[in-house]
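To keep things clear, I will list the structure first and then write my remarks on it.
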Amino acid sequence: MLLALRERKEWKIRGRKSGVLIVKILELHEECTIQVAMCEHLAGLQANSPSQGEAPRTGLKVLFTKETAHHLRGHPQDIVHIYPPWQKLIVPNGSCPVILNTYFCEKVVAKEDSKIIHEAHCWDTLLPRSITLAQMFRFRNLTYKSPESQVMCSGLTTMWTDCTHGHEEAKQRFPAQALLRDSLLDAVESQGAATWSGVGVRVVVQRVYYLPCRYQQGGGSAAPPGSDLPRVRVCLLVQDAYGMFSEVHSEGTILKDQQLEGKSCSLMGMKVLQKATRGRTAGLFSLIDTMWPPVMPLKAPGHGRACEEVKIHVPPPSFCYILTAHPNVGQIEIIEEDPISKLYQPPVPRFLREIFQTNDLSTRCSFYARVIYQRPQVNSLLPLQQREIWLMVTDVTLQMQDENNSGLPKTMPVCVAPSCVLSQEVLKALTEAVSHSFLFRDTLRAQGRIVCVERSVLLLQKPLLGADSGACSCELTGPVKLNELDSFTQVNSVCSVQGTVVGVDESTAFSWPTCELCGNERLEQSPGDRGTFSCGDCSRVVTSPRLRRHLQVFLDCPSRPQCTVRVKLSQASISSLLRFAACKDGSYEVKSVLGKEVGLLNCFVQSITTHPASCVGLEEIELLSAGRASSEHCRLP
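Right under this line is the structure:
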């Protein structure tokens, strides 16, 4: 059997947008996990008729994968736009052509609104326009001095900006050669893979964040000012008037220290890096889903003067473009008083109790919380880009619980993945032995835990100066309380424990000398006198070193009666336990510590095993002191 497979670039209709196939679904059924849609062709294929009139609409068989069909949620009479690179398969003696590679498609108009359906049939018909050869071939060194040329150029600019949805009142001046559009998709389709020339798009900046430099493709990267972090790139998540999103990778010099989030901006000098889909960049689309549906009606596709707004519920985008700003011609400029800025949806912080009780997994969430412990320390020897940090956080809703909420944790662990770029201000705060409050923005809740991943942002919250005690509803008025060790305790969390010493791990018990002045633990023993040590940091002889000890004990805990609980004690607890157990020669008898009561101890849960026996490994820790950070700077609803 001979099959004819034609690329979509062969099909162009005069006066229509190249490459976009518009169909209306007539019937749906499934075959071998593939959704088969019998459709009526509306636009996007070359007419077979040589006449200039409208060609008769033909039937098409469109194939959607299971993932695409699940996201599209199509029904009969729905209008669907299919974007390149779709392909047309002609089967000899077949009933109708088959459309393949429909990964990039969206349901633009649902069946309920017949008026908008009628308008969508011809949404991509362009108005006739006059254009000079210089504009067609983009000759930039020509100057238009004649009145006729000036009128023609100004008329062309006016024609492109007729459908501006209120943007004509924006007072920002743009380059004369930049035709400012409202659609990211139009700009991408018209410019292709080349750098945008003479084209700009109005967008609203929904988010600003940093991504590691591995996300760049071509060009340099920028780092946060004054930081010694790995090279990162500034990224903007933008949305146009039609609801389409794009992630813009930009140099820091192009942004010019502008506060862009929530502002309307013009994008010029962009270039497409890649087309992103939900399957390939799930993290990006999990962030996009937090801003869908839009807070105001979107514009319906069209280029005419009468721009209708979409007043129906449409599914979130299934794809978007990742753009980069050209280092020489790329521009991101703020447009003052532009109506598109009303599309901005800031992150909505929630209480930790609400997040814990919500079963929405793989979704983004934002919250204010105080960090009471971190592991490992930020100033450890492990490189930052390879470091996974665990932060133990809490807020007032977890700390102030009554008996009815006894099953809720008093703290929650937050994992900061290496892909989450931390600012220099946040890193400095985490190195201090003081508890700070942060805004955790756009974190991901997955597999029962909260993770700061790529596109998540941590912002340090400064204490409220001059605020009365208890003025803020989120203020923690007392010391932080931890849940006691029980069967619900999870690994990489914190808890309190108390019990009776029933054993000592003698194989791991040891001690070592440290400098009594600076605490240096790398002392060198003097060759002539083994009883003295020298400190390289102090450049002195240490005659009275301070001993530090490592001791792990086994506890009998009433909260875990059938479990072996091993605790690595802190120096203070070891000294307290061995205070009256020393022998005359300086050694210690194991039996002298057995039966002693310890606790309450604040511990970090290192490990939990259930086979072959139930065992919990704990390490005693010291929580961060509140200091001046006890006054929470929260703006929760």
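In terms of our numbering, the sequence shown opens at residue -18 and continues consecutively.
Cβ atoms here follow ideal geometry from the backbone N, Cα and C, with glycine treated the same way.
For clarity, every value in this text was computed on a predicted model and none was experimentally measured.
Worksheet entry | Identity of the residue in CYS433, ILE321, ARG368, ARG541 nearest PHE348 by Cα | CYS433
Item to complete: Report yes if the C-beta distance between LEU425 and VAL478 is below 9 Å; otherwise report no.
Response: Judged by their CB atoms, LEU425 and VAL478 are not nearer to each other than the 9 Å cut-off.
Item to complete: Give the range of the beta strand (DSSP E) segment to which SER557 is assigned.
Response: SER557 -> not in any beta strand (DSSP E); alpha helix (DSSP H) instead, spanning 552 to 558.
Item to complete: Use the C-beta contact count for GLN644: other C-beta atoms within 10 angstroms, 16 or more gives buried, fewer gives exposed.
Response: Not covered by the structure: residue 644. The range shown for the chain is -18 to 618.
Worksheet item: What first and last residue would you give for the beta strand (DSSP E) that runs through LYS42?
Response: Counting along the chain, the beta strand (DSSP E) containing LYS42 begins and ends at 40 to 45.
Discussion item. Measuring straight from C-alpha to C-alpha, what distance separates GLU8 and MET19?
Written reply: 5 Å
Practice prompt. Look at ARG183 and ILE321 and say whether their C-beta atoms are less than 9 Å apart.
Written response: Their beta carbons are under 9 Å apart, which means ARG183 touches ILE321 by this criterion.
Discussion item. By the three-class DSSP mapping on this structure, what secondary structure does ARG334 have?
Written reply: In the three-state scheme derived from DSSP, where H, G and I count as helix and E and B as strand, ARG334 is classed as helix.
Worksheet entry | Helix, strand or coil at LEU441 [DSSP, three-state] | Here DSSP, grouped into helix, strand and coil, assigns LEU441 to strand.
Worksheet entry | PHE226 to ASP319 span [Cα, whole Å] | 18 Å
Worksheet item: From what residue to what residue does the beta strand (DSSP E) around LYS409 run?
Response: For LYS409, there is no enclosing beta strand (DSSP E); the enclosing alpha helix (DSSP H) covers residues 405 to 412.
Practice prompt. Using 10 angstroms around the beta-carbon of THR495, count the other beta-carbons present and answer buried if the total reaches 16, otherwise exposed.
Written response: buried
Worksheet entry | Cβ neighbour criterion (16 or more within 10 Å) applied to ARG54 | exposed
Worksheet item: Nearest to VAL180 by CA position, among GLY429, ILE313, ARG430, is which residue?
Response: ILE313
Worksheet item: In terms of DSSP beta bridges, what is THR305 paired with?
Response: HIS230, LYS252
Discussion item. Please identify the residue among ASN309, ILE316, TRP273 whose C-alpha is closest to the C-alpha of PRO296.
Written reply: TRP273
Worksheet item: What is the rounded straight-line gap between the Cα of PRO327 and the Cα of ARG527?
Response: 54 Å
Item to complete: Could you tell me whether the region 407 to 419 touches the region 236 to 256, using the rule of 3 or more Cβ pairs below 8 Å?
Response: no
Practice prompt. Within the region 45 to 82, note down every full alpha helix (DSSP H) run reaching 4 residues or more, in order along the chain.
Written response: If we require 4 residues or more, the alpha helix (DSSP H) runs fully inside the region 45 to 82 come out as 47 to 53.
Worksheet item: Cα separation between LEU70 and GLN255?
Response: 26 Å
Worksheet entry | Span of the alpha helix (DSSP H), counted from its first residue to its last, around SER171 | 165 to 172
Worksheet item: When the Cα atoms are used, what is the spatial distance from GLU578 to SER231?
Response: 60 Å
Discussion item. Between which two residues does the beta strand (DSSP E) holding SER347 run?
Written reply: 344 to 356
Discussion item. Can you give me the C-alpha to C-alpha distance between VAL189 and ILE315, rounded to a whole angstrom?
Written reply: 14 Å
Worksheet entry | Closest Cα partner of VAL475 within the set LEU604, THR83, ASP270, PHE561 | LEU604
Discussion item. Suppose the cutoff is 7 Å on Cβ atoms and the five residues either side in sequence are ignored; what does the same chain contact list for ARG259 look like?
Written reply: HIS52, PHE266, SER299
Practice prompt. Compare the Cα-Cα distances from LEU160 to each of GLY250, VAL213, GLU228, GLY580 and report the closest residue.
Written response: GLY250
Worksheet item: DSSP state of PHE491, grouped into three classes?
Response: strand
Worksheet item: Does the distance from the C-beta atom of PRO539 to that of GLY480 stay below 9 Å?
Response: yes
Fill in: Beta carbon of GLY466 nearer than 9 Å to that of VAL546
Here residue 466 is Leu; the residue named in the question, Gly, does not match the sequence. In contact: LEU466 and VAL546 (Cβ atoms closer than 9 Å).
Discussion item. Under DSSP, the beta strand (DSSP E) around GLY181 begins and ends at which residues?
Written reply: Looking at the DSSP string, the run of the beta strand (DSSP E) that includes GLY181 is 180 to 193.
Discussion item. Rounded to the nearest angstrom, what separates ARG529 and VAL548 at their Cα positions?
Written reply: 17 Å
Discussion item. Using 9 Å as the threshold, is the C-beta distance between LEU550 and LEU575 below it?
Written reply: no
Worksheet entry | Neighbour-count burial assignment, ILE15, 16 or more Cβ in a 10 Å radius | exposed
Practice prompt. Tell me, to the nearest whole angstrom, how far the beta carbon of ALA350 is from that of PHE421; I am working on the premise that it is less than 8 Å.
Written response: 6 Å
Discussion item. DSSP three-state label for THR378, please.
Written reply: helix
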